[in-house]
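> Here the protein sequences line up with chains A and B, keeping their order.
The numbers in full-length UniProt numbering rise by one with no breaks, and the one at position 109 of the first sequence is 109.
The numbers in full-length UniProt numbering rise by one with no breaks, and the one at position 34 of the second sequence is 34.
All C-beta atoms in this analysis are idealised placements derived from N, C-alpha and C, irrespective of residue type, glycine included.
These numbers were taken from a predicted model, which means no experiment stands behind them.
Structure in structure tokens, see below.
2 protein chains.
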Amino acid sequence: MESRIERLCVERGLKMTGQRRVIARVLSDAADHPDVEELYRRASALDNRISIATVYRTVRLLEEKGILERRDFGGGRARYEPSEHGHHHHLIDIDTGRVIEFEDAEHERVLQAIAARLGFDLVSHRLELFGRKRPAGAVARKAGEDRPSGPSDPTGSSGAPR
Amino acid sequence: MESRIERLCVERGLKMTGQRRVIARVLSDAADHPDVEELYRRASALDNRISIATVYRTVRLLEEKGILERRDFGGGRARYEPSEHGHHHHLIDIDTGRVIEFEDAEHERVLQAIAARLGFDLVSHRLELFGRKRPAGAVARKAGEDRPSGPSDPTGSSGAPR
DNA sequence: ATATGTGCAAAAGGTTTGCGATATA
DNA sequence: TATATCGCAAACCTTTTGCACATAT
């Protein structure tokens, strides 16, 4: 049956090949932020007639079409997630590499204000938090999470382990 | 005379070679966020006995020592700036590639709160704004700026041109 | 004197691309 | 059938590394 991403592809007039259909399904089913290698692995499991070059080309195409968004969580490889996932950002657990999604309206307002103060219209922005799970007084978590793919901290900002 | 970065190197017990001294000077004089290629260019202008491998090694070493911070503004290459530059973030002009620094205390508080809500201690974070200069009602700018090195928007978040 | 740093060139790792073959609309 | 896509392998680009030589402490 037609996956959500496939439907979006058709809507934008993309030619649907077998490979593209498989990749669309993998993306539709992904609840995390896989990199190209991982997408290739999952797609190959469904249909082994897919080359990694096609995954690269497809992912790039879908990003241009606004269907996918590219993320950089450090580690040198791009990671992808479907757009229209709602507006959110990511908190990366520096010990496990797990990615937690969140959104925050106040934060968005603050950013708008900062840009305006500098004389700019805010076109887009990028925010990633790197944190360590608080040991004692636990607080409810209510966000999507990722399979870990290794700790990382591309900011080097302050005290994160390398 | 001894540059600021050189002094920091000595304090941390680094062996000061001629090459390292030159790179330290280039970094001390940099008011922007140069990538390795640019550092290599500037260092070579002062002393042509420097290889790009040494620049890579030095920049990595200084980052490990906490003297430099690595940044990723998109475009595939890492860019560097001295630490202790005060805590700040960057707004990238998507039309010109110019980088403008800013800081905002309220924003920091909001991030702390977000992490806490998710049950994490905030170790570090990364924030970049991508904006377009507002045409009419100009507002004072009071921040450092960069020589442009090409527009970029690694977020792909919303409407930024590619 | 000894541990470290350097230059060179090769290698690595992720991503892109040219080309002939193939499949979609 | 015309055109877009695919697979393969080579090319690319940034960054890292092995090795022999040079240098700071």
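(1) What are the start and end residues of the alpha helix (DSSP H) that includes residue 29 of chain B?
(2) List the residues of chain A that residue 106 of chain B touches, going by C-beta distances under 8 Å, in chain order.
(3) Is there at least one Cβ from chain B nearer than 7 Å to residue 94 of chain A's Cβ?
(4) Using a C-beta cutoff of 7 Å, does residue 118 of chain A count as contacting chain B?
(5) Within 10 angstroms of its Cβ, does residue 77 of chain A collect 16 or more other Cβ (buried), or is it exposed?
(6) Given a threshold of 16 other Cβ atoms within 10 Å of its Cβ, counted over all protein chains shown, does residue 18 of chain B qualify as buried or as exposed?
(7) Evaluate the contact criterion for the segment 126 to 137 of chain B versus the segment 115 to 122 of chain A: three or more CB pairs, one atom per stretch, below 8 Å.
(8) I want to see whether chain B comes within less than 7 Å of residue 123 of chain A, judged by CB atoms only; does it?
(9) Indicate whether residue 55 of chain A and residue 68 of chain A have their beta-carbon atoms separated by less than 7 Å.
(10) Determine the direct distance from the alpha carbon of residue 71 of chain A to that of residue 13 of chain A, and round the result to whole angstroms.
(11) Could you please give me the residues that DSSP links to residue 69 of chain B through a beta bridge?
(12) By alpha-carbon positions, which one of B:1, B:99, B:9 ends up nearest to residue 65 of chain B?
(13) Looking only at its chain, what residues have a beta carbon closer than 7 Å to the beta carbon of residue 3 of chain A, apart from the 5 residues adjacent to it on each side?
(14) Considering only C-alpha positions, which residue in the set B:34, B:45, B:127 is nearest to residue 201 of chain B?
(15) Whole angstroms are fine: how far does the CA of residue 129 of chain B sit from the CA of residue 87 of chain B?
(16) In whole angstroms, give me the CA-to-CA distance for residue 73 of chain B and residue 94 of chain B.
(17) Quick one: give me the first and last residue of the alpha helix (DSSP H) that residue 60 of chain A is part of.
(18) Are the CB atoms of residue 110 of chain B and residue 110 of chain A nearer to each other than 7 Å?
(19) So, helix, strand or coil for residue 118 of chain A, using DSSP?
(20) If contacts are defined as beta-carbon pairs under 8 Å, then residue 52 of chain B and residue 22 of chain B qualify, I think. What distance do you get, rounded to the angstrom?
(21) Going along the chain, which residues of its own chain have a beta-carbon closer than 8 Å to the beta-carbon of residue 61 of chain B, five neighbours each way excluded?
(22) Determine the DSSP secondary structure at residue 2 of chain A, reduced to helix, strand or coil.
(23) Under three-state DSSP, which class holds residue 129 of chain B?
(24) Taking 7 Å as the CB-CB limit, is residue 115 of chain B close to chain A?
(25) Under 7 Å Cβ to Cβ from residue 79 of chain B, same chain only, skipping five residues before and after it: list those, please.
(26) What is the residue span of the alpha helix (DSSP H) that residue 38 of chain A lies within?
(27) Against residue 75 of chain A, what residues of chain B qualify as contacts under a CB-to-CB distance less than 7 Å, listed in chain order?
(28) Can you confirm whether residue 134 of chain B, when its beta carbon is compared against all beta carbons of chain A, has any partner nearer than 7 Å?
(29) With burial defined as no fewer than 16 other Cβ atoms inside 10 Å of the residue's Cβ, what is the status of residue 43 of chain B: buried or exposed?
(30) Residue 127 of chain B and residue 89 of chain B - do their beta-carbons sit closer together than 7 Å?
By the coordinates alone:
(1) Here residue 29 of chain B refers to the residue found at position 29 of the second sequence. Segment 18 to 29, the alpha helix (DSSP H) holding residue 29 of chain B.
(2) Your numbering for residue 106 of chain B matches position 106 in the second sequence. What residue 106 of chain B touches in chain A: 110.
(3) Translated into positions along the first sequence, residue 94 of chain A becomes position 94. True, the Cβ-Cβ gap to chain B drops below 7 Å.
(4) Translated into positions along the first sequence, residue 118 of chain A becomes position 118. It does; some Cβ of chain B falls within 7 Å.
(5) Taking the first residue of the first sequence as 1, we reach residue 77 of chain A at position 77. In summary, residue 77 of chain A is exposed, with fewer than 16 beta-carbon neighbours lying within 10 Å of its beta-carbon over all protein chains present.
(6) Taking the second sequence and counting its residues from 1, one reaches residue 18 of chain B at position 18. Exposed.
(7) yes
(8) Position 123 of the first sequence holds residue 123 of chain A. Yes, contact with chain B.
(9) By one-based count along the first sequence, residue 55 of chain A stands at place 55. By one-based count along the first sequence, residue 68 of chain A stands at place 68. No. Outside cutoff.
(10) The residue given as residue 13 of chain A occupies position 13 in the first sequence. The residue given as residue 71 of chain A occupies position 71 in the first sequence. Computed Cα separation, rounded: 25 Å.
(11) Reading the second sequence from its first residue, position 69 is the one you call residue 69 of chain B. Partner(s): B:81.
(12) Residue numbering aside, residue 65 of chain B sits at position 65 when the second sequence is read from its first letter. Nearest C-alpha to residue 65 of chain B: B:9.
(13) Working through the first sequence from its first residue, we reach residue 3 of chain A at position 3. For residue 3 of chain A, where only same-chain residues beyond five positions count, the Cβ hits under 7 Å are 24, 25, 28.
(14) The first residue shown for chain B is 1 and the last is 162, placing residue 201 of chain B beyond what the model contains.
(15) If you number the second sequence from 1, residue 87 of chain B lands on position 87. If you number the second sequence from 1, residue 129 of chain B lands on position 129. Each residue's alpha carbon lies about 15 Å from the other.
(16) As a first step, residue 73 of chain B must be located in the second sequence, where it is residue number 73. As a first step, residue 94 of chain B must be located in the second sequence, where it is residue number 94. Cα to Cα, the separation comes out at about 11 Å.
(17) The sequence position of residue 60 of chain A within the first sequence is 60, counting from 1. For residue 60 of chain A, the enclosing alpha helix (DSSP H) covers residues 52 to 64.
(18) Start at 1 with the first residue of the second sequence, and residue 110 of chain B comes out as number 110. Start at 1 with the first residue of the first sequence, and residue 110 of chain A comes out as number 110. Result yes, Cβ atoms of residue 110 of chain B and residue 110 of chain A sit closer than 7 Å.
(19) The residue you call residue 118 of chain A lines up with position 118 of the first sequence. DSSP places residue 118 of chain A in coil when its eight states are reduced to three.
(20) Residue mapping note: residue 52 of chain B aligns to position 52 of the second sequence, counting from 1. Residue mapping note: residue 22 of chain B aligns to position 22 of the second sequence, counting from 1. In fact, because the Cβ distance is near 13 Å, the residues do not count as touching under 8 Å.
(21) Counting from one through the second sequence, the residue named residue 61 of chain B turns up at place 61. So the qualifying residues of the chain are 14.
(22) In the first sequence, the residue the question calls residue 2 of chain A occupies position 2. Three-state DSSP puts residue 2 of chain A in coil, outside helix and strand.
(23) Looking up residue 129 of chain B in the second sequence gives position 129. Strand at residue 129 of chain B.
(24) Stepping through the second sequence from its first residue, residue 115 of chain B is reached at position 115. By this cut-off, residue 115 of chain B is an interface position.
(25) Along the second sequence, one-based indexing puts residue 79 of chain B at 79. Same-chain partners within the cutoff: 33, 34, 35, 71, 73.
(26) Stepping through the first sequence from its first residue, residue 38 of chain A is reached at position 38. Its alpha helix (DSSP H) spans residues 36 to 46.
(27) Taking the first sequence and counting its residues from 1, one reaches residue 75 of chain A at position 75. The premise fails here: residue 75 of chain A is roughly 11 Å from chain B at the closest Cβ pair, so nothing lies under 7 Å.
(28) Translated into positions along the second sequence, residue 134 of chain B becomes position 134. Yes, because at least one Cβ of chain A sits closer than 7 Å to the Cβ of residue 134 of chain B.
(29) Translated into positions along the second sequence, residue 43 of chain B becomes position 43. Classification of residue 43 of chain B: buried, given that the 10 Å Cβ count is 16 or more.
(30) For the purposes of this step, residue 89 of chain B is identified with residue 89 of the second sequence, where counting begins at 1. For the purposes of this step, residue 127 of chain B is identified with residue 127 of the second sequence, where counting begins at 1. Cβ atoms of residue 89 of chain B and residue 127 of chain B: closer than 7 Å.
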